[in-house]
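Single-structure report; data block below.
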Amino acid sequence: MADQQALDEVVRFTSDLIRIDTTNRGGGDCQERPAAEYAAEQLAGAGLQPMMLERTNGRTNVVARIEGTDPSADALLVHGHLDVVPAEAADWSVHPFSGEIRDGVVWGRGAVDMKNMDAMILAVVRGWARQGVRPRGDLVIAFTADEEASAVDGSGFLADEHPELFEGCTEGISESGAFTFHDGAGRQIYPIAAGERGTGWLKLTARGRAGHGSKVNKENAVTRLAAAVTRIGEHEWPLRLTPTVRAALAELAALYGIETDLTDVDRLLEKLGPAAKLVEATVRNSANPTMLEAGYKLNVIPGEAVAYVDGRYLPGGEEEFRATLDLLTGPDVDWEFSHREVALQAPVDSPTYARMRAAVEEFAPEGHVVPYCMSGGTDAKQFSRLGITGYGFAPLKLPEGFDYQALFHGVDERVPVEALHFGVRVLDRFLRTA
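Going by our numbering, the letters in the sequence shown line up with residues 1 to 434, in that order.
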């Protein structure tokens with residue numbers, strides 16, 4: 001059982017890590033090293049020998065291994081990223097990098113994504129050192145750089161250049177799972193992630209004939225690009241159900257006493273009410289235009305125009321995704337991946353999933369654990385190159401009104417102290433049984 005010092009430390013570590021500004025704008029200017037040094041110091045204080053590894057100066061990763069009691073047992077990877085997305089201080093109620101603790105809540109960028117989980121990992125590991133606890137199989141602890149961009153300086157670098165550090169790891173856990181979802185009708189649902197849609201960030205390029213803005217031009221690159229972007233934005237992707245999503249729909253339907261009619265999933269989602277948010281983004285591929293670049297002067301038609309699209313595809317859906325983009329862009333617009341990562345699928349009938357469920361239910365007996373697929377992605381994609389099956393398991397017990405998913409990358413990101421305490425207890429319980 002996690003001791004009181006672990007409960008105190010998880011709050012302090014969360015606040016301290018938030019105060020270390022590790023903003024990742026995607027241009028390579030992020031510096032995770034100060035946060036990595038902090039994490040390494042705490043691990044060293046637990047008697048471990050953390051390694052600090054960089055592909056690029058200042059983009060630091062930390063890896064440590066806790067030796068288990070059974071050399072024949074599989075190792076488990078427990079990982080969290082150290083970088084965060086940008087935050088505009090003027091938009092916030094408190095400074096986003098203050099780490100302020102007010103009225104039982106820790107405020108700041110990274111409070112839920114995901115310095116809270118980093119802090120939980122550190123608190124549990126240090127608690128084990130005080131109590132003399134060792135896992136059955138080895139635990140590999142990894143804190144990564146660059147998750148909020150391409151991960152080339154983080155988990156991608158570790159998987160490609162240092163696979164030996166993860167020897168024996170068959171499964172891993174990280175962010176975005178086992179949080180409280182309130183359905184508005186008194187039910188508390190705890191979704192555990194057992195899959196991720198693939199990442200297909202696209203660059204579209206339209207070429208045409210440059211010319212004067214006052215002249216007729218039927219080869220206008222901006223017009224061609226705008227037409228393609230509109231087709232992509234308005235496209236209705238067909239329904240595609242993966243095993244994880246089927247399991248999620250079945251368990252949610254059972255919870256609400258609804259027949260699981262997969263011949264009309266949209267109608268089923270309507271019947272689930274607010275709980276549909278847990279699955280509605282993962283029953284189809286998607287492609288959302290996000291950025292446009294064209295021209296340098298109002299009265300000059302440019303010869304080239306560029307757009308960017310955030311594409312996501314389900315496990316088994318990449319071929320369809322590519323073919324659809326070929327059709328939607330048409331003959332006058334080229335497209336390419338600016339960043340691509342695989343879709344993931346994890347079994348929901350595995351012993352690991354059962355242990356995660358049991359750990360949540362022990363401390364939240366009123367809760368209902370269900371599997372779900374993430375609409376976005378995590379470092380589990382890169383670690384999957386090593387044959388590691390990834391789950392989203394960063395437990396938080398949240399009061400009604402705390403919209404966990406809205407706080408991801410949102411303004412006034414924050415986490416209750418009690419949620420952190422719950423997370424430490426559940427993570428400690430799960431890892432003791434892993």
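Just so it is clear, CB atoms sit at the ideal spot from N, CA and C, and this is done for glycine as well.
- About 6 Å separates the beta carbon of Ala210 from that of Ile301, a gap short enough to meet the 8 Å contact definition.
- Beta-bridge partners assigned by DSSP to Leu76: Leu139 and Glu171.
- In the structure shown, Pro191 falls within a strand segment according to DSSP collapsed to helix, strand and coil.
- The count of Cβ pairs closer than 8 Å, one atom from the region 305-317 and one from the region 247-266, stays below three, leaving the stretches out of contact.
- As a beta-bridge residue in DSSP terms, Arg340 pairs with Gly200.
- If you compare the alpha carbons of Ala275, Arg130, Asp349 and Glu320 with that of Ala185, the shortest gap goes to Ala275.
- The beta carbons of Val424 and Val10 sit closer together than 8 Å.
- Approximately 13 Å separates the beta-carbon atoms of Ala194 and Pro351; this is outside 8 Å, ruling out the contact.
- A distance below 6 Å between beta-carbons, with the five flanking residues on each side excluded, links Gln405 to no residue of its chain.
- Below 8 Å, enough C-beta pairs join the region 386-400 and the region 166-185 to call them touching: three or more.
- Annotated as distal: Ser214 and Ala281, with beta-carbon spacing of 8 Å or more.
- If you look at Asp146, you'll find it isn't in any alpha helix (DSSP H); DSSP assigns it neither H nor E.
- Taking every protein chain shown into account, the CB of Gln42 has 16 or more other CB atoms within 10 angstroms, so this residue is buried.
- Here Asp403 is actually not in contact with Gly273; their C-beta atoms are around 15 Å apart, not less than 8 Å.
- Three or more pairs of CB atoms, one per stretch, sit closer than 8 Å, so the region 94-113 contacts the region 2-16.
- Taken atom to atom, the span from the alpha-carbon of Glu164 to that of Arg267 is near 48 Å.
- Along the length of the region 206-234, whole alpha helix (DSSP H) runs at least 4 residues long occupy 221-234, reported in chain order.
- Listed as beta-bridge partners of Ala294 by DSSP are Ala305.
- Within the same chain, and ignoring the five residues on either side of Gly198 in sequence, the residues whose Cβ sits closer than 7 Å to its Cβ are Arg312, Tyr313, Glu318, Glu341, Val342 and Ala343.
- Within its own chain, the residues whose Cβ lies closer than 8 Å to the Cβ of Arg355, once the five positions on either side in sequence are excluded, are Phe430, Thr433 and Ala434, listed in chain order.
- Judged by beta-carbon spacing, Leu241 lies beyond the 8 Å limit of Ala307, meaning their Cβ atoms are not closer than that value.
- For Val426, no beta strand (DSSP E) run applies; the uninterrupted alpha helix (DSSP H) run containing it begins and ends at Val417 to Thr433, by DSSP.
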